[in-house]
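This report concerns only the one structure given below.
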Amino acid sequence: MEPVIVLNREDIRRTLGRMAHEIIETNKDLSQIIMIGMRTRGVPLANRLASNIKAYEETHIPVGVLDFSLYRDDLGSRDLQPAVKSTSIPSGIDGKVVILVDDVLFTGRSARAAMDALIDLGRPSAIKLAVLVDRGHRELPIRADYVGKNIPSSKDEEVQVKLAETDNLDEVSIFKNSEAGKCP
Amino acid sequence: MTENNLNESRGIEAVSWNRKHLLDIDEFSISEFDLVMKTADAMSDVLSRPIRKVPALRGKTIATLFYEPSTRTRSSFELAAKNLSADVVNLAASSSSISKGENLIDTVHTLEAMGVDILIMRHPMAGAGHLAARYAKSSVINAGDGGHAHPTQALLDMYTILKHKTGIDGLKIVILGDSRHSRVARSNIWGLTAMGASVTICGPRSLLPIGLTRLHPVYSKINYETDILRALDGADVVMALRMQKERQSTGLIPDIREYVAQFRLTSQRLAAAKPDALVMHPGPVNEDIEISSDVASGPQSVINEQVSNGLAVRMAVLYLITGGSRE
């Protein structure tokens, strides 16, 4: 099965525009917001949302980077071990509204690990979750506050997000795992 | 689809680390050195936070088994393990069944029966770590074996150099003192030459490991120098080694005062090195024997930084070993 393109470059641009508007609409005090991208592809998404908000409301939203590898629940049980990278949060998160940004929400385990990592860094007044794609199949009681697109998928399918900053093009596609198995 | 591909498509950058044990760094590739350095950067970031603890090794048990006295290496490993949320048990040879004559392999099996996942071992005999690893199901980390190797010390020395210099490639690094008895010198020779540094070993002829050139080509790549000023000329890094009084019974040097007069790293001698040369020492320092106290605590000294960096590097090693030992 060939990968099916679910969102192209224009779709992603419009989706992130709408999500930025939703964030503006649901947060009265934008100055309290910190956008934190979950490595790897949450980071460019957080930057784009922040620059959209800046364009619409002329409010600067600080953007941070969160690496939650050390909070994963599967160290030693995976085929491969994630590379640990550094976390950089621009200013303190105490009392702020942190919007965690990720590309795909799937089992919810990454979001759980990211929340644990955040809580060790301080005490935000609220943590919200923004994802470009929600593909279902949650294993934990977690939901996103801002969703770009719901993509119903089966567990043997794979949803792949590519972004210009990391993959040189903007595209969301879905394909069967057996197809991806042939990749190097 | 393998999980490998799955991870890549989900945007998780994976590491290529397949070592179950860390016994020596003589077979390390450049990319393995880089990986340890990068992971140590992330760990040093954890250490700068208000909560200096992450749950990565929760539920793992780590034992330190020390047949030789140690303050910094043992406590550094213990803290590194605790910062990663592992449970730690410390055994010292003097206060355990080892003093009743239990042999090394039995001790290893006993600890494994209690569920130890990683064994951190220091032993006066070269190769003790390799022996333990052969019989152990758990991972073994060599924390110093006789005059052979002290891999985490070399890794933390390299990490400390990289914090101050843009790269190790092309640096002139002088290892000063008793390199004959020094596992620190030996591990650093491997690591630093692999990373492209020019290493000069300096000390009295009787304390230079000259015979080693016959053992392995790496020892022919380094320079041997008995004149301290010639050795220090233009150096980027000076590592003073501890004068190992406990290993000096064979009369290799006539007198410690003679050594001090000729080889102590003083500020006058240090002036021969580059003005921004780093001064390092693996500790513990014998003050005013191998290094004068004003140099040890002077502006070029990074001796205390080495200790802090050791914690980050050991956290990195424990993290990588835990992932590398999966079935």
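Line by line, the protein sequences give chains D and R. Just add 14 to wherever you are in the first sequence, counting from 1, and you've got my numbering. Just add 1067 to wherever you are in the second sequence, counting from 1, and you've got my numbering. Quick reminder that beta carbons are idealized off the backbone N, C-alpha and C, glycines included.
Between the stretch 1117-1128 of chain R and the stretch 103-118 of chain D there are fewer than three inter-stretch CB-CB distances shorter than 8 angstroms, so the stretches are not counted as touching. Per the coordinates, the alpha-carbon of R:S1083 lies some 21 angstroms from the alpha-carbon of D:D181.
Boundaries of the beta strand (DSSP E) around R:V1241: K1239 to L1243. Counted as a single uninterrupted DSSP element, the beta strand (DSSP E) harbouring R:R1189 occupies residues I1185 to H1190.
R:N1376 is classed as buried because its beta carbon has at least 16 other beta carbons within 10 Å across all chains shown. In its chain, beyond the 5 residues on either side, L30, G31 and A34 have a beta carbon closer than 7 angstroms to the beta carbon of D:N66. Selection R:V1380, R:L1102, R:L1282 and R:L1171 evaluated against R:A1203 yields R:L1171 as nearest (Cα-Cα). R:V1384 and R:A1153 have their alpha carbons spaced roughly 13 angstroms apart. Under the Cβ distance rule, D:Q46 does not count among the residues neighbouring chain R, no pair being separated by less than 8 angstroms.
Per DSSP, the unbroken beta strand (DSSP E) holding D:F189 starts and ends at E185 to K190. Assignment of beta-bridge partners to D:G78 by DSSP yields D:I50. DSSP, read as helix, strand or coil, puts D:K176 in strand. Cβ contact annotation for R:S1265 (same chain, cutoff 6 angstroms, sequence separation greater than five): K1239, in chain order. In terms of Cα proximity to R:A1180, the closest of R:D1212, R:T1128, R:T1138 and R:H1197 is R:T1128.
In the three-state reduction of the DSSP assignment, R:N1376 falls in the helix class, which pools H, G and I. At the C-beta level, R:A1221 and R:S1254 come within 8 angstroms of one another.
Between D:R123 and D:D81, the C-beta spacing is not below 8 angstroms. Not a single C-beta of chain D is nearer than 8 angstroms to the C-beta of R:I1187. Around D:D81, the beta-carbon contacts reaching into chain R at under 8 angstroms are A1109. By the neighbour-count criterion, in which a residue is buried when 16 or more other Cβ atoms sit within 10 angstroms of its Cβ, R:K1312 is exposed.
When rounded, the separation of the alpha-carbon atoms in D:M129 and D:M52 is 10 angstroms. Under the three-state reduction of DSSP output, R:Q1367 falls in the coil class, being neither helix nor strand.
At a cut-off of 8 angstroms between beta carbons, R:D1154 makes no contact with chain D.
R:N1150 sits in a helix when the DSSP states are folded into three classes. Every unbroken stretch of the alpha helix (DSSP H) spanning 4 or more residues and falling wholly within the stretch 1272-1343 of chain R is given here in chain order: 1295-1299, 1323-1330 and 1334-1337. Within the same chain, and ignoring the five residues on either side of D:P17 in sequence, the residues whose Cβ sits closer than 6 angstroms to its Cβ are S187 and F189. In this structure, the straight-line span from the alpha carbon of R:S1162 to that of R:I1187 is close to 17 angstroms. With the rule of 3 Cβ pairs closer than 8 angstroms, the stretch 1100-1110 of chain R counts as touching the stretch 98-106 of chain D. One Cα belongs to R:I1289, the other to R:T1267, and the distance between them is close to 6 angstroms.
At a cut-off of 8 angstroms between C-beta atoms, D:S100 counts as an interface residue with respect to chain R. CA-to-CA, the gap between R:Q1367 and D:E171 works out to about 57 angstroms.
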